[in-house]
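The next block holds one structure in the form of structure tokens; read it before the comments.
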Amino acid sequence: MSAQNPKPVACSLTRATLATALLLLASGAPANAQSRTVWDGVYTNAQALRGQALYKDICSSCHRDDLQGGGSEAEAPALEGSIFTTQWQDRRLVDLFLAIGTTMPQDAPDSLTPQIVIDIVGFLLEANGMPAGETELPPQLAPLEEILLTSEPGD
Ligand code: HEC
């Protein structure tokens, strides 16, 4: 479907999907037993590669090619290293997915499809040294609720 989508970026479905997602979260999503962390191989190399190309197109003007932030938008934070991992420490991957999907890119928030956002999340995990695995991250909330962001394996 997305291959034939004439509006690859501005997709009204995204808005609906993320808005619904936020409502579900606000109404108290069940606290799933956390089964996995980002160190358990939760994305694939192919997904991170797609995400890297998307990141360069959409994000790097502000967050820079090396993910150190402070590009054309000086307040853009680093998305790699301890600044990033400390900020997201012990949060669910779904939080990062929603933060990017609803607030980024800062000059066009809520304009990306869930698939684009999750591919970029895969790239960010790779850039932070988390290992790839056999299964792609899905652009869906429930499975992302069950993955914990930690700065070290076994944290
Ligand atoms: C026009 C400049 C710009 C672009 C393009 C941009 N960002 Fe940002 N980003 C910012 C700024 C400024 C902040 C800090 C203020 C804020 O959180 O809104 C930020 C914050 C963030 C944060 C932290 C959010 C939080 O809740 O703390 C993440 C993660 C992020 N950006 C990821 C991305 C990704 C991924 C892309 C590409 C899809 C992207 N950004 C594109 C400027 C930008």
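Heads up, the sequence shown is in my numbering, so the first residue is 3 and it goes up one at a time. The C-beta atom is built at its ideal place from N, Cα and C for all residues, glycine as well.
Query                                                                                                                                            : Result
Just verifying my parser: in three-state terms, what is the DSSP assignment at residue 87?                                                       : helix
Who does residue 151 pair with in a DSSP beta bridge?                                                                                            : 93
Is the beta carbon of residue 114 sitting closer than 8 Å to the one on residue 103?                                                             : yes
Quick one: residues with CB closer than 5 Å to any heavy atom of ligand 1, in chain order, please.                                               : 60, 61, 64, 75, 77, 78, 101, 102, 106, 107, 108, 109 and 122
Would you please state the rounded distance, in angstroms, between the beta carbons of residue 56 and residue 122? I believe it to be under 8 Å. : 5 Å
Should residue 79 go down as buried or exposed, given a rule of 16 or more other Cβ atoms within 10 Å for buried?                                : exposed
Can we say the region 143-155 touches the region 58-65, given the rule of at least three CB pairs closer than 8 Å?                               : no
Rounded to a whole number of angstroms, what is the C-alpha to C-alpha distance between residue 2 and residue 71?                                : Nothing about residue 2 can be read from this structure; the chain reaches only from 3 to 157.
How about residue 92: is its C-beta nearer than 8 Å to some C-beta of chain D?                                                                   : The chain inventory of the structure shown lacks chain D, comprising one protein chain alone.
On a Cα-Cα basis, can you pick out the residue from 69, 96, 73 and 77 that is closest to residue 86?                                             : 69
Look at the Cβ atom of residue 73, then the Cβ atom of residue 62, and state whether they are nearer than 8 Å.                                   : yes
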